[in-house]
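Asker:
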Amino acid sequence: MLQLNDIYKVFNEGTPDEKVAIDDISLDVKKGDFITIIGSNGAGKSTLFNIIAGKMYPDLGEVLISDQNVTGLPEYKRARRIGRVFQDPMAGTSPTLTIEENLSIAYSRVKPRTLRPGVTAKRRAFFKEQLETLGLGLEDRLRAKVGLLSGGERQALSLLMATFTKPDLLLLDEHTAALDPSRAALITRLTKEIVEREQLTTIMITHNMQQAVDLGNRILMMDKGKIIFEEEGARKKHLTVTDLLNEFGKMKGTELSDRTLLGV
Ligand SMILES: Nc1ncnc2c1ncn2[C@@H]1O[C@H](COP(=O)(O)OP(=O)(O)OP(=O)(O)O)[C@@H](O)[C@H]1O
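First residue of the sequence shown? That's 2 in my numbering, and the numbers climb one at a time after it.
Shown next as structure tokens:
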């Protein structure tokens, strides 16, 4: 479904600030995979997402989505196929617009332009139905400005906006990290429900190792622009946080004191 072939990305090449952010990464993501990615700060996780989404281009290597080479395709041309949720609940929605206006913009972005713009009765009914699946009562607040919502409600709306059009690929960029524990648990539960219900191919970056072992069928650990550990299927299912810390220590040649690097 998504193929990354020998991706390499360097920032500030040839200067004292030169930084190899992605160092020859290849990855084959199959339809229906749910991959969690963990790694120390600066490991290259967000850069990898930016390259997949088309926000940045790799210096070397190819990005293929459903066998189509999209390496040089700009972000807006991939937007129909990729849904993305960011860490900041403020990033995915517009505060001055209402819930239904936000949903309408997300909907129009991916649906053919022949549809009438604005919020039609039919669309409103569809939005209500979608909002009901969140179980937060937002379906009764369609005309409320999004700026009035709590961080958790706003992130739930961002998640819905990124997924209700059934993208080929869902990218979750530490999307629960800025929320308090109970809100983070809510968004984690909703993520699980939506991904399973819509059978979305998903990649999630997280600093929460428990979340990384609990969710998904594959796990990747990144360090210094490389994938240093990966597991999938039954072996992933039985993986524990302690196993991960031991792996990380082994790769780094250090003891568990490195756990702070993983944000545990
Ligand atoms: N636009 C940029 N210009 C220069 N350097 C950059 C740029 N973007 C990222 N970097 C550098 O590339 C490296 C990888 O950054 P990236 O943000 O991908 O890491 P990350 O794994 O997402 O880290 P974190 O967990 O802290 O968010 C870092 O050293 C970062 O400072």
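Cβ atoms here follow ideal geometry from the backbone N, Cα and C, with glycine treated the same way. This one's a predicted model, so the numbers in the text were calculated from it and none came from an experiment.
Assuming contact is defined by CB atoms lying nearer than 7 Å, are Ile204 and Ile36 in contact in what I supplied?
Answerer: It is a contact, given that the beta carbons lie within the stated cut-off.
Asker: Run the CB neighbour count on Ala54, radius 10 Å, all protein chains shown included, and call it buried at 16 or more, exposed below.
Answerer: The residue in question, Ala54, is buried, as its Cβ has 16 or more Cβ neighbours within 10 Å.
Asker: Whole angstroms is fine: what's the gap from Lys167's alpha carbon to Asn13's?
Answerer: About 37 Å.
Asker: Taking Leu187 as the reference, give the member of Asp29, Met223 and Gly153 with the closest Cα.
Answerer: The candidate whose alpha carbon is nearest that of Leu187 is Gly153.
Asker: Give a single yes or no on whether Ser47 has its beta carbon closer than 6 Å to a heavy atom of ligand 1.
Answerer: Yes; taking the cut-off as 6 Å, the Cβ of Ser47 has a heavy atom of ligand 1 nearer than that.
Asker: Please go through the same chain and pick out, in chain order, the residues whose beta-carbon is closer than 8 Å to the beta-carbon of Ala163, but skip the five residues on each side of it.
Answerer: Excluding positions up to five away in sequence, the list reads Gly84, Arg85, Val86, Gly93, Ala107 and Leu171.
Asker: Relative to the C-alpha of Pro75, which candidate in Lys56, Glu63, Arg81 and Val64 has its C-alpha closest?
Answerer: Taking only the C-alpha atoms, the option nearest Pro75 is Lys56.
Asker: Helix, strand or coil for Leu3? Go by DSSP, reduced to three states.
Answerer: Leu3: strand per DSSP, three-state reduction.
Asker: Would you say Glu140 and Leu150 are within 7 Å of each other, going by their C-beta atoms?
Answerer: Result no, Cβ atoms of Glu140 and Leu150 do not sit closer than 7 Å.
Asker: Within its chain, find whatever has a CB closer than 7 Å to the CB of Ser67; leave out the 5 residues flanking it on each side and keep chain order.
Answerer: The residues are Met2 and Asp169.
Asker: Pop quiz: Asp25 and Tyr9 are said to be a contact at Cβ under 8 Å. What is the actual Cβ separation, rounded to whole angstroms?
Answerer: Contact holds; Cβ gap of about 6 Å.
Asker: What are the boundary residues of the alpha helix (DSSP H) that includes Leu104?
Answerer: Ile100 to Val111 is the span of the alpha helix (DSSP H), which, as asked, contains Leu104.
Asker: Between which two residues does the beta strand (DSSP E) holding Gly73 run?
Answerer: Looking at the DSSP string, Gly73 is not in any beta strand (DSSP E), and its letter there is neither H nor E.
Asker: Just to confirm my understanding: we take Ala185, look at its own chain, exclude 5 residues before and 5 after, and list those with CB closer than 7 Å. What are they?
Answerer: Here the set comprises Thr177.
Asker: With a threshold of 6 Å, establish whether the CB of Lys20 neighbours any heavy atom of ligand 3.
Answerer: Among the ligands modelled here, namely ligand 1, ligand 3 does not occur.
Asker: Indicate, with yes or no, if ligand 1 has a heavy atom lying under 6 Å from the CB of Phe87.
Answerer: Not under cutoff, so the answer is no.
Asker: Rounded to a whole number of angstroms, what is the C-alpha to C-alpha distance between Gly73 and Val111?
Answerer: Near 20 Å, if we compare the C-alpha coordinates of Val111 and Gly73.
Asker: May I ask which residues mark the beginning and end of the alpha helix (DSSP H) holding Pro152?
Answerer: Reading off the sequence, residue 152 comes out as Gly, not Pro. It spans Gly152 to Thr164 - the alpha helix (DSSP H) in which Gly152 sits, taken as one unbroken run.
Asker: Would Ile220 and Ala213 qualify as a contact pair, given that the criterion is a beta-carbon distance under 7 Å?
Answerer: Cβ distance < 7 Å, so Ile220 and Ala213 count as in contact.
Asker: By the 10 Å Cβ neighbour count, where 16 or more other Cβ atoms means buried, how is Glu256 classified, buried or exposed?
Answerer: Residue confidence is low: Glu256 scores 48 on pLDDT, short of 50, so the model does not pin down where it sits. No coordinate-derived value is stated.
Asker: With Arg142 and Ile100 assumed to form a contact (beta carbons below 8 Å), what rounded beta-carbon distance in angstroms separates them?
Answerer: The Cβ separation is near 6 Å, so the contact holds.
Asker: Got a sec? Which residues, its chain only, sit under 6 Å from Asn6 by beta carbon, not counting five neighbours each side?
Answerer: Contacts found: Ser27, Gly62 and Glu63.
Asker: Identify whether Lys11 lies in helix, strand or coil by the three-state DSSP scheme.
Answerer: According to the sequence provided, residue 11 is Val. The question's Lys does not apply to it. It is a strand residue.
Asker: Cβ of Gly93 within 6 Å of any heavy atom in ligand 1?
Answerer: No, the Cβ of Gly93 stays beyond 6 Å of every heavy atom of ligand 1.
Asker: Could you tell me the alpha carbon to alpha carbon distance between Phe127 and Lys32, rounded to whole angstroms?
Answerer: Distance between the alpha carbons of Phe127 and Lys32 is about 26 Å.
Asker: Could you give the first and the last residue of the continuous alpha helix (DSSP H) run that contains Ala122?
Answerer: Taken as a continuous stretch (DSSP letters only), the alpha helix (DSSP H) holding Ala122 covers Ala122 to Glu133.
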